[in-house]
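Counting from 0, one number per residue, gives the positions in the sequence shown under numbering that gives the first Met the number 0. Data block below; observations after.
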Amino acid sequence: MSENFVVTATAPVNIATIKYWGKKDEKLIIPVNDSISATLSSDYMCAKTTIAISPNFEKDQIWLNGIEESIENPRLLNCIRNIKNKAKIGTDKLKWKIHICSENNFPTAAGLASSSAGYACLVYALSHIYNVKENISDIARQGSGSACRSIYGGFVQWYTGIKNDGSDSIALQLAPASHWPEMRVIILVVNDKQKKTSSTIGMQRTVETSKLLHYRVKYCVQGHIDKMIQAIKNKNFDLFAEITMRDSNQFHAVCLDTYPPAIYMNDTSHAIASFVHEYNAAANSYKVAYTFDAGPNACLFTLEKNVPALLYTITKVFPTSGSVKDYITGIPINIENKSINAPEINISMQSDLLKYVIYTKVGEGPTLLPDTESLLNREGLPLRLA
Ligand code: DP6
């Protein structure tokens, strides 16, 4: 396959602290408001994608997590077409068929923002295959809105923009991860069997039926955005924590105001939110903040110095029937240490409300990987199938 062009890349997940919810243009994916997110380290959660183009391939093909899927997905085709429109390679190569193989290094079923990493990775890898140098976040946006923020590391803002064609609805980095190196993230993966409305459908219904969304967009989001930028610039965790929680709560209020309601948080999610408020109250300061997306899992933000006591308390309040070693994945940490000084909390929930806990941090944007990391073999077929 000497004529093949092959690129392998990884891209991170991002978690919004100011939520994107609602589009003013469904096709172009232009949001009704700006949003801000933190990009998570790719060490523990990321998408990995290999893309190859070759004159020998008979048709375009895509494999996701080892299963062949239809390439006829309008969002996917849009991303490929938009990148090709900006391509700077020979026109013969633009006609070559494409093979795409993508995997997540965390369970997709966990309901963690996998589409943001997946589309960011796809578009980033495509931009390298087709030699596109411009800002590609507006193309990633057309795969999945939140994906445009995964094009950058650290703290990222996605601007709504004012143009009808969406060309200024792009993401830009507010600050790199190194600006606030103490920031840590703990994801509580909640056990849940309920099938949830997808964010795409949920937000569409919200735009159509919720007056509260219009109130949020008109009177609240800009204030949250300004305060969040200030909190990040000044590394003010108290402000960061308060605004993150307020914005998450307002987003879920808007979901509840949707008719019929879009309910994403479950009893365990609400127990986690109460726990966070009690923990902060017992410590007499902001130690931790929660945010919830379109599912029951909690994403907690905290500072490195608070992690041992917080994780220790989480294992007491939300116990596992298995071993603590398997319960907490991600950055290695020892919470058995007797000297841990955790605030007194008098809540204890039943075992196994959480599936597991991922301890991670804010990290960098997408990166290229060496050929040895390719997910496709020399014939352009997946090395692993499910
Ligand atoms: C709650 O980006 O998944 O996570 O643009 O329709 O693909 P589409 O939606 P998606 O929505 C994410 C919603 C959210 C909030 C956020 O990430 O800002």
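Using N, Cα and C, we set each Cβ at its ideal position, and we do this for glycine too. Quick caveat, the model's predicted, so the values are computed rather than measured.
Original post:
Across which residues does DSSP place H98 in a beta bridge pair?
Top reply: A51 and Q60
**OP:** Could you have a look at A10 and say whether DSSP puts it in helix, strand or coil?
**Re:** strand
Subject >> Any non-hydrogen atom of ligand 1 closer than 7 angstroms to K18 Cβ >> reply: yes
**OP:** Drop a sphere of 10 angstroms on the beta-carbon of R377, count the other beta-carbons inside from all chains shown, and report buried for 16 or more, exposed for fewer.
**Re:** exposed
Original post:
Taking only runs of the alpha helix (DSSP H) that begin and end inside the stretch 121 to 184, which ones reach a length of at least 4 residues, in chain order?
Top reply: 136 to 140
Original post:
Hey, out of T328, L368, L187 and K324, whose CA is closest to Y289's CA?
Top reply: L187
Original post:
Does ligand 1 have even one heavy atom less than 7 angstroms from the beta-carbon of S145?
Top reply: Result yes, Cβ under 7 angstroms from ligand 1.
Original post:
Any idea if S198 is buried or exposed, counting beta-carbon neighbours within 10 angstroms, 16 or more meaning buried?
Top reply: buried
**OP:** For the beta strand (DSSP E) holding T359, just list the boundary residues, first then last.
**Re:** L353 to K360
**OP:** Could you tell me whether any non-hydrogen atom of ligand 1 is closer than 7 angstroms to the CB of T199?
**Re:** yes
Subject >> Member of I231, N265 and N336 whose CA lies at the smallest distance from the CA of E181 >> reply: It is I231.
**OP:** Look at the alpha carbon of Y258 and the alpha carbon of K195, and state the distance between them as a whole number of angstroms.
**Re:** 15 angstroms
Subject >> Nearest-angstrom beta carbon gap, N190 and L352 [assumed within contact, 8 angstroms] >> reply: Contact flag correct, Cβ pair sits at about 6 angstroms.
Subject >> Residues near E68 in its chain [Cβ-Cβ closer than 6 angstroms; skip 5 each side] >> reply: I61
Original post:
Buried or exposed: where does G144 fall if 16 or more other Cβ atoms within 10 Å of its Cβ makes it buried?
Top reply: buried
Subject >> Under the three-state DSSP convention, the category S41 falls into >> reply: coil
Original post:
Rounded to a whole number of angstroms, what is the C-alpha to C-alpha distance between E2 and I50?
Top reply: Because the pLDDT of E2 is 49, which lies under 50, any placement of that residue in the model is unreliable, and the number read from its coordinates should be weighed accordingly. In this structure, the CA atom of E2 is about 14 angstroms from the CA atom of I50.
**OP:** Rounded to whole angstroms, what's the CA-CA distance from N32 to R215? Just pull it up for me.
**Re:** 9 angstroms
Subject >> Identity of the residue in D225, D59 and I169 nearest G379 by Cα >> reply: Nearest option by C-alpha distance: D59.
**OP:** Please list, in chain order, all residues of the same chain as N77 whose beta carbon is under 7 angstroms from its beta carbon, the five residues on each side excluded.
**Re:** Once the five neighbours on either side are set aside, the close Cβ partners of N77 are Q141.
Original post:
Can you check whether the CB of Y285 is closer than 8 angstroms to the CB of E241?
Top reply: Contact flag set, yes.
Original post:
Between the stretch 262 to 281 and the stretch 150 to 157, do at least 3 Cβ pairs fall closer than 8 angstroms?
Top reply: no
Original post:
Pick from F239, R204 and F105: whose alpha carbon is nearest that of I17?
Top reply: Nearest option by C-alpha distance: F239.
Subject >> Any non-hydrogen atom of ligand 1 closer than 7 angstroms to D292 Cβ >> reply: yes
Subject >> S388 Cβ short of 7 angstroms to ligand 1 heavy atom set >> reply: One cannot answer for residue 388 here, as it falls past the ends of the chain, which runs 0 to 385.
Subject >> Three-state secondary structure (DSSP) of D325 >> reply: helix
Original post:
Using the beta-carbon count (16 or more within 10 Å), is A15 buried or exposed?
Top reply: buried
Subject >> Cα-Cα separation, M0 to S101 >> reply: Confidence in M0 is poor, its pLDDT being 40 and thus under 50, which makes the residue's placement too unreliable to answer from.
**OP:** Taking the CB atoms as reference points, tell me whether Y19 and T359 lie closer together than 8 angstroms.
**Re:** In this structure, Y19 keeps its C-beta atom at 8 angstroms or more from the C-beta atom of T359.
**OP:** Count the other C-beta atoms from every protein chain shown that fall within 10 angstroms of the C-beta of T90, then say buried if there are 16 or more, exposed otherwise.
**Re:** exposed
Original post:
Hey, would you say P365 sits closer than 8 angstroms to Y123, going by beta carbons?
Top reply: yes
Original post:
If you follow the alpha helix (DSSP H) that K210 is part of, which residue opens it and which one closes it?
Top reply: K210: member of the alpha helix (DSSP H) spanning K210 to Y214, first to last residue.
Original post:
Around the C-beta of I327, are 16 or more other C-beta atoms found within 10 angstroms, so that it is buried, or is it exposed?
Top reply: buried
Original post:
Can you find a heavy atom of ligand 1 that lies under 7 angstroms from the Cβ of S34?
Top reply: Yes, ligand 1 has a heavy atom inside 7 angstroms of this Cβ.
**OP:** With a threshold of 7 angstroms, establish whether the CB of A15 neighbours any heavy atom of ligand 2.
**Re:** Ligand 2 is not among the ligands present in this structure, which contains only ligand 1.
Original post:
Would L367 be called buried (16 or more neighbouring beta carbons within 10 Å of its own) or exposed?
Top reply: exposed
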